[in-house]
Amino acid sequence: MRWLFALLFTASGVHAQDEFRQTLLSVAENRSAQALTISSKDVTPNAAHPWNIEVKRLHGGKQEGVTLVIVDNGVLKITLIPTRGMGIQEVRRAGVRIGWDSPVKEIVHPQFVNMTARGGLGWLDGFTEFVVRCGLENNGQPGPDRFINNVGDEASMDLTLHGKIANQPAQEVEIVVDKKHPFRITVRGIVNERMLFGPKLELMTELTTTPGAATFQIKDVVTNRGAGPEEFQMLYHVNVGKPVLEAGARFEAPVAKVTPYNKNAGRDVATWNQYLAPTTGYVEQVYLLEPLANKEGRTTILLANQAGTHGTSIRYQVKELPYLTLWKNTGADADGYVTGLEPGTNYPNRRSVERQAGRVPKLAGGVSYSMSLEFGVHLGTKEVDAVRAEVQAIQGDRKPVLVTAPTPRIP
Amino acid sequence: MRWLFALLFTASGVHAQDEFRQTLLSVAENRSAQALTISSKDVTPNAAHPWNIEVKRLHGGKQEGVTLVIVDNGVLKITLIPTRGMGIQEVRRAGVRIGWDSPVKEIVHPQFVNMTARGGLGWLDGFTEFVVRCGLENNGQPGPDRFINNVGDEASMDLTLHGKIANQPAQEVEIVVDKKHPFRITVRGIVNERMLFGPKLELMTELTTTPGAATFQIKDVVTNRGAGPEEFQMLYHVNVGKPVLEAGARFEAPVAKVTPYNKNAGRDVATWNQYLAPTTGYVEQVYLLEPLANKEGRTTILLANQAGTHGTSIRYQVKELPYLTLWKNTGADADGYVTGLEPGTNYPNRRSVERQAGRVPKLAGGVSYSMSLEFGVHLGTKEVDAVRAEVQAIQGDRKPVLVTAPTPRIP
Amino acid sequence: MRWLFALLFTASGVHAQDEFRQTLLSVAENRSAQALTISSKDVTPNAAHPWNIEVKRLHGGKQEGVTLVIVDNGVLKITLIPTRGMGIQEVRRAGVRIGWDSPVKEIVHPQFVNMTARGGLGWLDGFTEFVVRCGLENNGQPGPDRFINNVGDEASMDLTLHGKIANQPAQEVEIVVDKKHPFRITVRGIVNERMLFGPKLELMTELTTTPGAATFQIKDVVTNRGAGPEEFQMLYHVNVGKPVLEAGARFEAPVAKVTPYNKNAGRDVATWNQYLAPTTGYVEQVYLLEPLANKEGRTTILLANQAGTHGTSIRYQVKELPYLTLWKNTGADADGYVTGLEPGTNYPNRRSVERQAGRVPKLAGGVSYSMSLEFGVHLGTKEVDAVRAEVQAIQGDRKPVLVTAPTPRIP
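Residue numbers (the working numbering), protein chains in the order written: chain A, 762 to 1172; chain B, 762 to 1172; chain C, 762 to 1172.
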């Protein structure tokens, strides 16, 4: 993939001498990640904001063999997991952690996750991340769906919850730091789902941040490396627990319409964007949202605590990720007190339902699809209020339609 | 879990300076086990009985990456497998091995075991142990059973043979040696089955032994780390082959009732506790037993060879493990000549059958369940006779009821 | 297995002092393969043809932990994969690669292959090899088949595509080099599928070659290590893409009869042994062949490019591998442009179909079955023509019967 990277750099006008570059793990170079520290004093001594990157290997129990890349830009400390499809375990700012306390306490190596187990729910055995991608061949609820088999016939297979990508180890992972202002830090990787008689989908992902910033960006490019057309799905499952999530916390998003996923969610649609304290026995409530955008096509969504002193936001192009799902799962702390903000190419219904609804994009052979998201961590009412104002400006005077009955699913 | 350990120590009046402590592998400390030898001459030079502990990593074929802890107390040499849920591969005393010759010749790393394969029988791909725990979410025969899914509905999943715990690598494994008489040696570990929308069960296991003893103890504490109530199952599958098992060997246990598992076992209920020589084509015979206890609630069960010169015993509280299963599988040597003594919280029927019969315990949130067993290896007729007398004393004049027809299973 | 090796050597009259021997990975010796180079100048300084053997460990993505053995005999460079059941990734001669470009770009470690996924097609996630064995318990299409379970009853299990052997890591892998002319190089390994209540099948495989030769030999011995009779299946899936495969390339084999696998193959039976250029949307065509042999029982099959300048051949005893399958899969380059030459103990139908047709051999307890194949790489019309003449000599004036309708499958 060297040529691809080279291409991207050329396109953006950056030259090799202007950047620091370190390959962490690579199929092409036959290399795996070693413990490593890269710091501003060595690479960018002139940078105003010191930064630091730590690469480490995890040991013990089910985390044996997992590699982490921890990017500290001086404000945010972002923990990436190349071994789990380049997911993000957590982000910290000034002692505030954005992430959640999963009942799973290890960062689980894919070798210990059997996605087909539990009727296709085995994915949950490794679910701990702040940001976990769901895809690429499929995401959403497990269950049967059709596919074309080797002899060209339509056959049926059991799709597994949220697909494979989060349990595929990345390759061609590298760190790049611009040596000139604003000293941008990039962590890149490739994760693939490729096989004969199946998808040939490749994800090229870049996380970028700038020293001193309270934001970071993800740019993902999914490419169909096959010759023929291929469906794909992508959903960013962004999971937040305490301290942002709490009783009275609110999800703020400009939306045209709110539809409950099922009857249980329908009952509480009036409070769809408000949260309870940890509640033993709470059964998840899921809302399917139609997000609104500003004139540039961009939307902003925000989760803020009750007092409006802690918040986390995502900004992205609605055209790239037209469907937004809110997962409220405010059960007991011990069971996983969490909410999921989930921009996607689709809703997390079974793929067959989404296809029927026209929400499963198809890529022609060789064609790519890009998705960019900016994540922010906001501390203090001033910062949080500014983002809330952004959300409100997009909403304007368009009132969201609250639907009380779930949409019937076919099939 | 450090606080939990600390708590246990405080409770038993042991202080840190009185003990040697070595962490082997730990999620908390991000450490995996290295080759290591710990010996009495360094740690307890005053101990009358020399002892030795060896930690090693296995290589080659399907055992690649497995860690063993071999505790030699001067009399018994006990081989523990942290990588396989803290199971025990074998125990040796004076050249006599307690264990069996599985057709599986490697100590298989969980990465090579797909429990869902073969209609839920994939567990057998790694089955080699003397003591293997079956649980925690379920044990027994594979097959469909209901569970509560993420949206609060009752759904169905295919349970796999004997559950997951034997194929979960342990964490927080440490060796502790008391520096004072009787210089007790402890190997501790934590194994978990935790997930969102699933069990949050944690096993804290301790194996203890004393230099010079022909016995060792297991103390297991299963804790429901979830907030709500959760079923669990535990069955100690204790497997013995030659030289203890042979033609004319006998299983000696104080029992109230013997019920065959199926018609095939029913045919030979009269000889339920006697063994054949290796017999090509032998089809397993399983007996469900109601064990009797002494006044303290304790029972003793024994397997002894024909001459009564070799024996292995288990002593435990019947209240903790009320159901006892005897698995006779005296097929050809090449096919696995073995018998299983199986104290459990249940019989190894499908979980749905056991639930129906009221034999699936439920733990409230945060609640623990303890099980303690003492294993003995007995050489010479004097030692074996003493244990047999113990068994007979518990049986007394209570005659076991031998049932010839299996109990119908619902569902 | 040391005794077995010793036995073979004694049989062939080779003494230890006459050979160089290096264990690479071994369960018995608790050893895994390290990076290593062995070369003629150190081991056989008198050899006319220099040779070299490189052992390496792969890193990055899904190839993390895979071991390769690359045998360069001075003419052929053969890449073996002990971690994937001793398969052969590719063979190179004078810059010509014999192998194919799978959509899977890594040499995938078995830990990342879930054979039960995708309705039993998960095997495809790791399919990249030039020579991949399909077996041992089963091969062919996935689907339900009966087996005998632990209680002696006939039960049903879902077989997975092409069985397990390609995803089982080898043990007892060693390199042996004769120190005397012709300085034969051997790479040996054992791969097993052994379990309680299941197959106890063991494959002992040897790849041999001679410095300076354009051929290599595989000798495989499958042994039933169980006491009772056991079915087995073996199919050598030999996969070739560019540059040998191209528009106008031909498969040359002496055959009595050609039967299409399905209607799609039936349509083009007249051109069953001719190939198209990469064709987007091409649906595989499979032909079931009855190979002819010479007086010694040996057959020769050849794939050659259009100009007859590049070819690869297999010579073997038809009695050992009586059924030959030709898989034509000349889809787009990006989708995997490849053909498979597949000598086997059976055709790759579902095992139940093959059993019904009497094509599933059974081994009595302790009994072995040997299969030997010689692979050649041929460059230049002279070499290719010589092999073609061999094929034609076996065919003689016996005209192949071309059947146009597939054989109905029962069940």
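Heads up, the beta-carbon is just placed ideally off N, CA and C, and yes, glycines get one too. Computed from a predicted structure; not experimentally measured.
Check: So who's on the other strand from residue 995 of chain A, going by DSSP bridges?
Finding: Translated into positions along the first sequence, residue 995 of chain A becomes position 234. Residue 995 of chain A is bridged to A:896.
Item checked: Contact with chain A by residue 865 of chain C, beta-carbon distance below 7 Å -> Translated into the one-based positions of the third sequence, residue 865 of chain C becomes position 104. Chain A, which has a Cβ nearer than 7 Å to the Cβ of residue 865 of chain C, makes this yes.
Notebook entry, point to check: To the nearest whole angstrom, what separates the beta carbons of residue 1121 of chain A and residue 1107 of chain A, a pair I think is in contact under 8 Å?
Noted result: Counted from its first residue, the first sequence places residue 1121 of chain A at position 360. Counted from its first residue, the first sequence places residue 1107 of chain A at position 346. About 6 Å separates the two Cβ atoms, so the contact holds.
Next item on the list: Using a cut-off of 9 Å between C-beta atoms, extract the partners of residue 931 of chain C located in chain B.
Entry: For the purposes of this step, residue 931 of chain C is taken as the residue at position 170 of the third sequence. Correct list: 821, 822.
Margin query: When you compare the CB of residue 786 of chain A with every CB in chain C, is at least one pair closer than 7 Å?
Written below: To locate residue 786 of chain A, count along the first sequence from 1; it is residue 25. Answer yes: the Cβ-Cβ gap between residue 786 of chain A and chain C drops below 7 Å somewhere.
Note to self: Any beta carbon of chain A sitting closer than 7 Å to that of residue 1170 of chain C?
What the structure shows: Here residue 1170 of chain C is taken as the residue at index 409 of the third sequence, counted from 1. So, not an interface residue.
Checklist line | Same chain only: Cβ atoms within 6 Å of residue 838 of chain B, ignoring 5 sequence neighbours per side | finding: One-based indexing of the second sequence puts residue 838 of chain B at position 77. Contacts found: 853.
Check: Is the region 859 to 871 of chain A touching the region 952 to 972 of chain B, taking contact as three or more C-beta pairs under 8 Å?
Finding: yes
Notebook entry, point to check: Using the rule of at least 16 other Cβ atoms within 10 Å of the residue's Cβ for burial, across every protein chain shown, is residue 1113 of chain C buried or exposed?
Noted result: As a working note, residue 1113 of chain C is residue 352 in the third sequence. Residue 1113 of chain C comes out buried.
Check: In whole angstroms, what separates the C-alpha of residue 1167 of chain B from that of residue 1017 of chain B?
Finding: On the second sequence, residue 1167 of chain B is found 406 positions in, with the first residue counted as 1. On the second sequence, residue 1017 of chain B is found 256 positions in, with the first residue counted as 1. Each residue's alpha carbon lies about 16 Å from the other.
Check: Within 10 angstroms of its Cβ, does residue 879 of chain B collect 16 or more other Cβ (buried), or is it exposed?
Finding: By one-based count along the second sequence, residue 879 of chain B stands at place 118. So residue 879 of chain B counts as buried.
Note to self: So the candidates are B:1072, B:926, B:1020; which of them puts its Cα closest to the Cα of residue 1052 of chain B?
What the structure shows: For the purposes of this step, residue 1052 of chain B is identified with residue 291 of the second sequence, where counting begins at 1. Minimum Cα distance to residue 1052 of chain B is reached at B:1020.
Next item on the list: Provide the residue span of the beta strand (DSSP E) that contains residue 783 of chain B, from first to last.
Entry: Here residue 783 of chain B corresponds to residue number 22 of the second sequence, with the count starting at 1. Residue 783 of chain B -> beta strand (DSSP E) spans 780 to 786.
Check: Are the C-beta of residue 936 of chain A and some C-beta of chain C separated by less than 7 Å?
Finding: Along the first sequence, one-based indexing puts residue 936 of chain A at 175. No, residue 936 of chain A lies away from the interface with chain C (no Cβ there is under 7 Å from its Cβ).
Item checked: Partner residues on chain C for residue 988 of chain A, Cβ-Cβ distance less than 9 Å -> Within the first sequence, numbered from 1, the residue matching residue 988 of chain A stands at position 227. Per Cβ cutoff of 9 Å: 1039, 1041, 1042, 1092, 1093, 1094, 1095, 1096.
Checklist line | Alpha carbon of residue 895 of chain A to alpha carbon of residue 1165 of chain B, nearest angstrom | finding: As a position in the first sequence, residue 895 of chain A is number 134, starting the count at 1. As a position in the second sequence, residue 1165 of chain B is number 404, starting the count at 1. Going from the Cα of residue 895 of chain A to the Cα of residue 1165 of chain B covers about 54 Å.
Next item on the list: Starting from residue 1107 of chain A, find everything on chain C with Cβ-Cβ shorter than 7 Å and list it in chain order.
Entry: As a first step, residue 1107 of chain A is located in the first sequence; it is residue number 346 there, counting from the start. Result: empty, since nearest Cβ-Cβ is about 20 Å, beyond 7 Å.
Next item on the list: Starting from the N-terminal side, write out each stretch of the alpha helix (DSSP H) that is 4 residues or longer and does not extend beyond the region 784 to 823 of chain A.
Entry: Taking only runs of at least 4 residues, the alpha helix (DSSP H) segments lying wholly in the region 784 to 823 of chain A are 801 to 804.
Checklist line | Under the three-state DSSP convention, the category residue 1017 of chain B falls into | finding: Within the second sequence, numbered from 1, the residue matching residue 1017 of chain B stands at position 256. Here residue 1017 of chain B sits in strand by DSSP.
Checklist line | Any 3 or more C-beta pairs closer than 8 Å across the region 915 to 930 of chain B and the region 890 to 905 of chain B | finding: yes
Next item on the list: Return the CA-CA distance between residue 824 of chain C and residue 806 of chain B, expressed in angstroms with no decimal places.
Entry: Along the third sequence, one-based indexing puts residue 824 of chain C at 63. Along the second sequence, one-based indexing puts residue 806 of chain B at 45. C-alpha separation (whole angstroms): 48 Å.
Margin query: Determine, for residue 993 of chain B, whether the minimum Cβ-Cβ distance to residues of chain A falls below 7 Å.
Written below: Within the second sequence, residue 993 of chain B is the residue found at index 232, counting from 1. It does not; no Cβ of chain A falls within 7 Å.
Next item on the list: My understanding is that residue 982 of chain B touches residue 965 of chain B, with C-beta atoms under 8 Å, so please give their C-beta distance in whole angstroms.
Entry: Against the second sequence, residue 982 of chain B aligns to sequence position 221. Against the second sequence, residue 965 of chain B aligns to sequence position 204. Yes, residue 982 of chain B and residue 965 of chain B are in contact; Cβ-Cβ is about 5 Å, under 8 Å.
Check: Is it true that the region 972 to 989 of chain C meets the region 1122 to 1129 of chain C, where meeting means three or more beta-carbon pairs spaced less than 8 Å apart?
Finding: yes
Next item on the list: Using a Cβ-Cβ cut-off of less than 8 Å, give me the residues of the region 871 to 882 of chain B that come near chain C, in sequence order.
Entry: 872, 873, 875, 877, 878, 879, 880, 882
Check: Which parts of the region 1017 to 1053 of chain B are runs of the beta strand (DSSP E), unbroken and 3 residues or longer, counting only runs that do not cross its ends?
Finding: 1046 to 1052
Item checked: First through last residue of the alpha helix (DSSP H) which encompasses residue 1152 of chain C -> Numbered from 1 along the third sequence, position 391 holds the residue referred to as residue 1152 of chain C. Residues 1142 to 1156.
Notebook entry, point to check: Would DSSP call residue 985 of chain B helix, strand or coil?
Noted result: The count along the second sequence starts at 1 and reaches residue 985 of chain B at position 224. Looking at residue 985 of chain B - three-state DSSP - the assignment turns out to be strand.
Check: Are the region 1132 to 1141 of chain B and the region 1057 to 1077 of chain B touching by the rule of at least three beta carbon pairs closer than 8 Å?
Finding: yes
Next item on the list: Going by CA-CA distance only, name the one from A:1060, A:870, A:835 that's closest to residue 889 of chain A.
Entry: The residue labelled residue 889 of chain A in the question sits at position 128 within the first sequence. Residue 889 of chain A has its Cα closest to that of A:870, out of A:1060, A:870, A:835.
Margin query: Quick check: residue 969 of chain C and residue 978 of chain C, are their CB atoms within less than 7 Å of each other?
Written below: By 1-based counting over the third sequence, the position of residue 969 of chain C is 208. By 1-based counting over the third sequence, the position of residue 978 of chain C is 217. For residue 969 of chain C and residue 978 of chain C, yes; Cβs fall inside 7 Å.
Notebook entry, point to check: So which residues of chain B does residue 791 of chain C contact, with C-beta pairs closer than 7 Å?
Noted result: The residue labelled residue 791 of chain C in the question sits at position 30 within the third sequence. Going along chain B in sequence order, the residues near residue 791 of chain C (Cβ under 7 Å) are 819, 820, 821.
Margin query: Cutting at 8 Å between CB atoms, please list the residues of its own chain near residue 916 of chain B, excluding the five before and the five after it.
Written below: As a first step, residue 916 of chain B must be located in the second sequence, where it is residue number 155. Correct list, in chain order: 907, 908, 909, 910.
Margin query: So with CB distances below 9 Å, who are the chain A contacts of residue 1146 of chain C?
Written below: Numbered from its first residue, the third sequence carries residue 1146 of chain C at position 385. What residue 1146 of chain C touches in chain A: nothing, since even the nearest Cβ is about 33 Å away.
Next item on the list: Measure the alpha-carbon distance for residue 1149 of chain C versus residue 1031 of chain C and round it to whole angstroms.
Entry: Position 388 of the third sequence, counted from the start, is the residue given in the question as residue 1149 of chain C. Position 270 of the third sequence, counted from the start, is the residue given in the question as residue 1031 of chain C. Rounded to whole angstroms, residue 1149 of chain C to residue 1031 of chain C spans 20 Å at the Cα level.
Check: Got a sec? Which residues, its chain only, sit under 6 Å from residue 773 of chain A by beta carbon, not counting five neighbours each side?
Finding: Mapped onto the first sequence, residue 773 of chain A falls at position 12. Unreliable positioning characterises residue 773 of chain A in this predicted model, as indicated by a pLDDT of 42, which lies under 50. The coordinate reading is nonetheless provided below. Closer than 6 Å at Cβ, skipping near neighbours: no residue.
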